[in-house]
Amino acid sequence: MRTVLVLNGPNLAHLGNRDPEVYGSASYANLVATVTAEAVALGLGTDIRQSNDEAELIGWLHEALAQKQDVIINPAAFTHYSYALRDAAEMLTKSGLKLIEVHISNPSAREGFRHTSVISGVATGTIAGLGINSYLLALRFLAN
């Protein structure tokens, strides 16, 4: 069974508590359970991780490259300024692997500083603004 690495950036462990009007009421545990169930239904395995540490996320992207794993990533705040994360994502996609950038909210409909993603330009695709369904659509794409 092919395993997809699902990475979540800073503050996502606090889903359900942090700005529910923006991110919804589902907890991080709900996100993990929903993504895992969808992956199983699609015949995929998942390895779902969360970190507030930029270096750890970069290390996980390097690991995905070495293991030839496709990645779904919600870079959270790192979306807007982490060129180091962008460079690691670019290595992955230039190797022929897929990297789908997802966002629970729609960054383009929020504060101006959130309108720019340094990740989108190297991602295979971006899905935003559909809540947890953003992850599910990314899984469906990768399953096909």
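Numbering-wise, this note's numbering puts 9 at position 8 of the sequence shown, and it's gapless, one number per residue.
Idealized CB from N, CA, C, for every residue including glycine.
For alanine 129: DSSP bridge partner residues: His104
Where asparagine 145 sits in the DSSP three-state scheme: In this structure, asparagine 145 counts as coil in the three-state DSSP scheme.
Proximity of threonine 47 and threonine 35 at Cβ, strictly below 8 Å: No, they are not a contact pair.
Within the region 29-114, ranges of the beta strand (DSSP E) (whole runs, at least 3 residues): 46-51, 72-75 and 100-104
Nearest-angstrom Cα separation, counted from glutamine 68 out to leucine 93: 11 Å
Asparagine 9: first and last residue of the uninterrupted beta strand (DSSP E) it sits in: 4-9
Distance between valine 33 and glycine 17 (C-alpha atoms, nearest Å): 13 Å
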